[in-house]
Amino acid sequence: MSDSENNGNVIGERRRPSITNGSAEDLSEYTDADESISAPTEILAEFLSAIMLKQYETALKYCKIILNYEPNNSTAREFYPLILEKIEIMKAEQNEQDEDNSDFSESAPSVDSNHSSTSGDESEPKTVDSDATSASYSSLEDEEADRDNSHV
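Be aware that the sequence shown starts at 1, since it is given in UniProt numbering, and climbs by one per residue.
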């Protein structure tokens with residue numbers, strides 16, 4: 001390597017930047033020694049994204065991670081009880097819907113059983129839900145029966 005090619009970068013060797021006393025003092029202005037290591041930016045971003053998408057279970061997971069890194073993180077501390085409350089509300093709504101669905105499914109068979117028990121007299125028209133194929137087939141049977149009866 002010639003002197004003109006040597007620009008301070010040596011291939012295969014990494015040089016660490018040296019911190020002078022002045023730059024170390026400048027750095028201390030931006031960091032607080034009393035705080036623990038701050039949460040990774042990716043975790044913070046995922047947390048906020050989960051909040052915006054109303055994925056509260058996921059948001060709670062990230063909130064707990066953030067609080068492990070930064071117990072005094074004001075955003076996570078403010079959102080934590082709100083997320084818990086929202087999860088409880090959603091669970092209550094889900095339970096309510098499940099109860100409504102189970103009430104509906106319990107009453108639905110009794111309605112169907114009433115329709116099937118009314119088939120006592122054959123002369124009464126049957127009110128059975130069917131597709132067009134079976135309905136047209138039964139009307140064909142009726143026409144054949146009428147033709148057979150007219151020939152007798």
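Positions of the beta carbon are idealized from the N, C-alpha and C atoms, including for glycine.
Asked                                                                                                                                         : Found
If you draw a straight line from the alpha carbon of Asn73 to that of Gln97, how long is it in whole angstroms?                               : 36 Å
What is the rounded straight-line gap between the Cα of Glu70 and the Cα of Lys54?                                                            : 23 Å
Can you give me the start and stop residues for the alpha helix (DSSP H) that Ser49 sits inside?                                              : 41-52
Considering Asn68, what are the terminal residues of the alpha helix (DSSP H) in which it resides?                                            : 56-69
For Thr31 and Gln94, I'd like the C-alpha separation in whole angstroms.                                                                      : Annotation note: pLDDT 49 at Thr31 (below 50); position unreliable, coordinate value reported separately. For Thr31 and Gln94, the distance between alpha carbons rounds to 45 Å.
Any idea if Ala45 is buried or exposed, counting beta-carbon neighbours within 10 angstroms, 16 or more meaning buried?                       : exposed
Work out the CA separation of Ala59 and Ile43 for me, nearest whole Å.                                                                        : 10 Å
Give the C-beta separation of Tyr56 and Lys86 to the nearest angstrom, bearing in mind that I take them to be a contact with Cβ-Cβ under 8 Å. : 5 Å
Closest to Pro40 by CA distance: which of Ala50, Asp103, Tyr62 is it?                                                                         : Tyr62
Consult DSSP for Asn73 and reduce its assignment to one of helix, strand or coil.                                                             : coil
When you compare only the Cα positions, how much space is there between Thr75 and Glu99?                                                      : 36 Å
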